[in-house]
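Enquirer:
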Ligand SMILES: Cc1cc2nc3c(=O)[nH]c(=O)nc-3n(C[C@H](O)[C@H](O)[C@H](O)COP(=O)(O)OP(=O)(O)OC[C@H]3O[C@@H](n4cnc5c(N)ncnc54)[C@H](O)[C@@H]3O)c2cc1C
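In the working numbering, the protein residues as written are 14 to 350.
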């Protein structure tokens, strides 16, 4: 284990914010992690566990200890007639893990193709896309408590998954380093093609026989056409969650805005935050080197050189405007560090 000081986090966050980590250590084995705990570093410093840095907004230099997750490895740990249980180390790259499962014809993760980041961060906000969330295939995870060093296993119900939520973003925030996640994948997958443009993209590709690979290819094509590539433009995907509002409020809004983009949710109606932001005139707005993406109003972008504070202020201005215009409170999805 090698602790470095004043390390630039620029290559380690997809917003391309140039902030320094006061202390920085790469975790390549469980022994590295145990040593960090044995030296009581999490008691001495504020800790930031960093995977792919694709869901963080660094506001300023981080005055604590960054644990960069490089844990690797994956294996089948159990199998039944219908399911296969695959355990992946938390530092594995999410999309590479998805591609591995697809190559084995294991079903369940194909709609979640091409989401940036690590396996270990996937339960933090219960990542979701194209009608799927990881809670649908999640079996269990292992996590090490950063103060006690004890390893705990969390089953599905322990994680309290919700829409872009879990216990790790709330009650247990910052307490654990997730070391592995096990997924329960299907040998006879049920394909989900009814969400967004999946079916039309499958048609365009001329797919006659559905497969996990065909769906993954369709999802990748759609995502590439819609979302800015963080390798080219700094961003963290959707900056805001889609708000859920009471049905009565939706009925009123629908009268005023017949084209409002919305769909039924558990406790009301979910409104497309991108629609609200676009309608309020923010889409494509560019400030000094940062702004709102020109094709996708839900995505805030850094064209180079913006600070986390500037981007955060932009998000605050958008939230205030949406509240004033529609009476709806937007919440941020990205983690402010
Ligand atoms: C272009 C783009 C598209 C995206 N599309 C989607 C999408 O469709 N759906 C979606 O849900 N998300 C999406 N995201 C957001 C992001 O990809 C996910 O949230 C992803 O899971 C973040 O992984 P990460 O490893 O980069 O996490 P990081 O950004 O490194 O960390 C995120 C948070 O999780 C914590 N954390 C990370 N790893 C661990 C660990 N091992 N143990 C404990 N805590 C940990 C961090 O401390 C931090 O608080 C998108 C992002 C981008 C840039």
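Idealized CB from N, CA, C, for every residue including glycine.
Could you tell me if residue 218 is buried or exposed, where buried requires 16 or more neighbouring beta carbons within 10 angstroms of its beta carbon?
Expert: In the chain shown, counting from the first residue as 1, residue 218 sits at position 205. Exposed is the call here.
Enquirer: Quick one: residues in its chain with C-beta nearer than 6 Å to the C-beta of residue 51, no 5 flanking neighbours on either side, listed in chain order?
Expert: Locating residue 51 in the chain shown gives position 38, where the first residue counts as 1. Nothing meets the Cβ criterion.
Enquirer: What number of angstroms, rounded off, separates the C-alpha of residue 220 from the C-alpha of residue 198?
Expert: Reading the chain shown from its first residue, position 207 is the one you call residue 220. Reading the chain shown from its first residue, position 185 is the one you call residue 198. When rounded, the distance between both Cα atoms is 23 Å.
Enquirer: Please list, in chain order, all residues of the same chain as residue 297 whose beta carbon is under 7 Å from its beta carbon, the five residues on each side excluded.
Expert: As a position in the chain shown, residue 297 is number 284, starting the count at 1. Within the same chain, residue 297 has close Cβ partners 305, 307.
Enquirer: Can you tell me whether DSSP reads residue 131 as helix, strand or coil?
Expert: Translated into the one-based positions of the chain shown, residue 131 becomes position 118. Correct three-state label for residue 131: strand.
Enquirer: In this structure, does DSSP put residue 331 in helix, strand or coil?
Expert: Along the chain shown, one-based indexing puts residue 331 at 318. Helix at residue 331.
Enquirer: Taking 8 Å as the cut-off, is the C-beta of residue 61 nearer than that to any heavy atom in ligand 1?
Expert: Working through the chain shown from its first residue, we reach residue 61 at position 48. Flag set: Cβ of residue 61 near ligand 1.
Enquirer: Answer yes or no: the CB of residue 27 versus the heavy atoms of ligand 2, is any distance below 8 Å?
Expert: Because ligand 2 does not appear in the structure shown, any question about it cannot be addressed here, the ligands present being ligand 1.
Enquirer: Runs of 4 residues minimum, wholly inside the stretch 255-286: which ones carry the alpha helix (DSSP H) assignment?
Expert: Entirely contained in the stretch 255-286, the alpha helix (DSSP H) runs reaching 4 residues are, in chain order, 260-269.
Enquirer: Output needed for residue 205: all residues of its chain with C-beta closer than 7 Å, excluding positions within five of it in sequence on either side, in chain order.
Expert: In the chain shown, residue 205 corresponds to position 192, counting from 1. So the list reads 124, 144, 145, once near-sequence residues are dropped.
Enquirer: Once DSSP output is grouped into helix, strand and coil, what is the label at residue 301?
Expert: Indexing the chain shown from 1 puts residue 301 at position 288. Correct three-state label for residue 301: coil.
Enquirer: Under 8 Å by Cβ, that's how I've got residue 165 and residue 158 pegged, so tell me the actual separation to the nearest angstrom.
Expert: Position 152 of the chain shown, counted from the start, is the residue given in the question as residue 165. Position 145 of the chain shown, counted from the start, is the residue given in the question as residue 158. The Cβ separation is near 7 Å, so the contact holds.
Enquirer: By how many angstroms is the C-alpha of residue 190 removed from the C-alpha of residue 34?
Expert: As a first step, residue 34 must be located in the chain shown, where it is residue number 21. As a first step, residue 190 must be located in the chain shown, where it is residue number 177. Straight-line Cα distance between these residues: approximately 18 Å.
Enquirer: Between residue 235 and residue 210, which are expected to be in contact by the criterion C-beta below 8 Å, what is the C-beta distance as a whole number of angstroms?
Expert: Here residue 235 refers to the residue found at position 222 of the chain shown. Here residue 210 refers to the residue found at position 197 of the chain shown. So it is a contact: roughly 5 Å between Cβ atoms.
Enquirer: Using DSSP with H/G/I as helix, E/B as strand and the rest coil, what is residue 155?
Expert: Within the chain shown, residue 155 is the residue found at index 142, counting from 1. Of the three classes helix, strand and coil, the one that applies to residue 155 here is strand, per DSSP.
Enquirer: According to the neighbour-count rule (16 or more other Cβ atoms, all chains shown, within 10 Å of its Cβ), is residue 315 buried or exposed?
Expert: By one-based count along the chain shown, residue 315 stands at place 302. With 16 or more other Cβ atoms within 10 Å, it is buried.
Enquirer: With a cut-off of 8 Å on the beta carbons, I'd call residue 260 and residue 281 a contact; round off their distance for me.
Expert: Numbered from 1 along the chain shown, position 247 holds the residue referred to as residue 260. Numbered from 1 along the chain shown, position 268 holds the residue referred to as residue 281. Rounded, the Cβ-Cβ distance is 6 Å, consistent with contact.
Enquirer: Among the residues of its own chain, which have a CB less than 6 Å from the CB of residue 130, if the five just before and after it don't count?
Expert: To locate residue 130, count along the chain shown from 1; it is residue 117. Closer than 6 Å at Cβ, skipping near neighbours: 64, 65, 67, 107.
Enquirer: Of the choices 16, 283, 342, 320, whose alpha-carbon is the least far from that of residue 176?
Expert: Within the chain shown, numbered from 1, the residue matching residue 176 stands at position 163. Among 16, 283, 342, 320, the Cα nearest to that of residue 176 is on 283.
Enquirer: I need the straight-line Cα distance from residue 229 to residue 295, nearest angstrom please.
Expert: Within the chain shown, residue 229 is the residue found at index 216, counting from 1. Within the chain shown, residue 295 is the residue found at index 282, counting from 1. So the two alpha carbons sit approximately 31 Å from each other.
Enquirer: Helix, strand or coil: how does DSSP classify residue 120 here?
Expert: Here residue 120 refers to the residue found at position 107 when the chain shown is read from its first residue. DSSP places residue 120 in strand when its eight states are reduced to three.
Enquirer: For my contact list, residue 6 and residue 342 are in at a C-beta cut-off of 8 Å; report their separation, rounded to the angstrom.
Expert: Any question about residue 6 goes unanswered here, given that the chain covers just 14 to 350.
Enquirer: If you follow the beta strand (DSSP E) that residue 215 is in, where does it begin and where does it stop?
Expert: Numbered from 1 along the chain shown, position 202 holds the residue referred to as residue 215. It is not in any beta strand (DSSP E) - residue 215 instead sits in the alpha helix (DSSP H) that spans 211-218.
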